[in-house]
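If you read the protein sequences in the order shown, they are chains Y and H.
Residue numbers 17 to 126, in the numbering used here, belong to the letters of the first sequence in order.
Residue numbers 28 to 143, in the numbering used here, belong to the letters of the second sequence in order.
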Amino acid sequence: GNSVTQMEGPVTLSEEAFLTINCTYTATGYPSLFWYVQYPGEGLQLLLKATKADDKGSNKGFEATYRKETTSFHLEKGSVQVSDSAVYFCALREVGKLIFGQGTTLQVKP
Amino acid sequence: GAVVSQHPSRVICKSGTSVKIECRSLDFQATTMFWYRQFPKQSLMLMATSNEGSKATYEQGVEKDKFLINHASLTLSTLTVTSAHPEDSSFYICSVLGGEATDTQYFGPGTRLTVL
Numbered sequence: 017g018n019s020v021t022q023m024e025g026p027v028t029l030s031e032e033a034f035l036t037i038n039c040t041y042t043a044t045g046y047p048s049l050f051w052y053v054q055y056p057g058e059g060l061q062l063l064l065k066a067t068k069a070d071d072k073g074s075n076k077g078f079e080a081t082y083r084k085e086t087t088s089f090h091l092e093k094g095s096v097q098v099s100d101s102a103v104y105f106c107a108l109r110e111v112g113k114l115i116f117g118q119g120t121t122l123q124v125k126p
Numbered sequence: 028g029a030v031v032s033q034h035p036s037r038v039i040c041k042s043g044t045s046v047k048i049e050c051r052s053l054d055f056q057a058t059t060m061f062w063y064r065q066f067p068k069q070s071l072m073l074m075a076t077s078n079e080g081s082k083a084t085y086e087q088g089v090e091k092d093k094f095l096i097n098h099a100s101l102t103l104s105t106l107t108v109t110s111a112h113p114e115d116s117s118f119y120i121c122s123v124l125g126g127e128a129t130d131t132q133y134f135g136p137g138t139r140l141t142v143l
């Protein structure tokens, strides 16, 4: 079946460092791909999405490109802030249902 | 994006009692809602898909009689945990499908259930 795999965390960075969180997927078709963020004590918020190959989703300085050839959707940000500390979930959409990766905790230190 | 609320945000109950959690879509009519369960430091597990006016579709391994879902209107879905036990303690999150984009889910803030 379809699945999503994320790099294990936690990822600990200093403020203004470059961030990459790897995400790869397995799918039979061409799913839409998403990144969600969960701040402490809160529900998930949609961060960005891409619906077809080579699409780039972007929001709040975060970017991810839908790479069909490598079945990847890695999340990047050029300069992280302390306020970016959260859990990040990669997900794909299969027939209306979301399949989530296990989540990656990001800790940004001042 | 869509605005989704949940009530209550936290609930503590005694073992054997039932608890109802509400999920509301505040700014559009949601035909489809989803209920998830999240264990500490783990990913979200889809429990069921709720369609307005019809029976919910449960994922494999989720007990229908224990987790009752009602989607009686286009803005409200409820999850009732019946005869709750400590192992039901978890973070329950709902989401709605659609709004501005029909392939996107918008999540509620979640409900922390603790069963003593």
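Don't be surprised by glycine CBs; every beta carbon is placed ideally from N, CA and C.
Item	Value
For the putative contact between Ser117/H and Gln132/H, defined by C-beta atoms under 8 Å, what is the C-beta separation to the nearest angstrom?	At roughly 19 Å, the Cβ-Cβ gap does not stay under 8 Å, so Ser117/H and Gln132/H are not in contact.
Give me, in chain order, the residues of the same chain whose beta-carbon lies closer than 6 Å to that of Val38/H; leave out the 5 immediate sequence neighbours on both sides.	Val46 and Leu140
Give me the Cβ distance between Leu60/Y and Phe78/Y, rounded to the nearest whole Å; I'm assuming they're in contact under 8 Å.	With 8 Å as the limit, Leu60/Y and Phe78/Y do not qualify as a contact, their Cβ atoms being about 15 Å apart.
On the DSSP bridge list, what partners appear for Gly80/H?	Partner(s): none; Gly80/H has no beta bridge.
Give a yes or no on whether 8 Å exceeds the smallest Cβ distance from Gly73/Y to chain H.	no
Which first and last residues belong to the beta strand (DSSP E) in which Arg83/Y is found?	Per DSSP, Arg83/Y belongs to no beta strand (DSSP E) and is neither H nor E.
Helix, strand or coil: which one does DSSP assign to Val98/Y?	helix
First and last residue of the beta strand (DSSP E) that includes His34/H?	Val31 to His34
From Gly112/Y, Pro126/Y and Glu58/Y, pick the residue whose C-alpha is nearest to that of Gly135/H; which is it?	Glu58/Y
Would you say Arg83/Y reaches chain H, if we count a Cβ-Cβ gap shorter than 8 Å as a contact?	no
So Pro136/H contacts chain Y; which residues on that side make the cut at Cβ distance below 8 Å?	Glu58 and Gly59
Less than 8 Å between the CB atoms is what I'm expecting for Lys84/Y and Gly73/Y, so what's the real figure, rounded?	Contact doesn't hold; Cβ gap of about 14 Å is too wide.
Between the region 87 to 94 of chain Y and the region 18 to 35 of chain Y, can you find at least three pairs of beta-carbon atoms closer than 8 Å?	yes
Could you work out which residues of chain Y lie near Thr44/H, taking near to mean beta carbons separated by less than 9 Å?	Here the premise fails: no neighbours, minimum Cβ distance about 25 Å.
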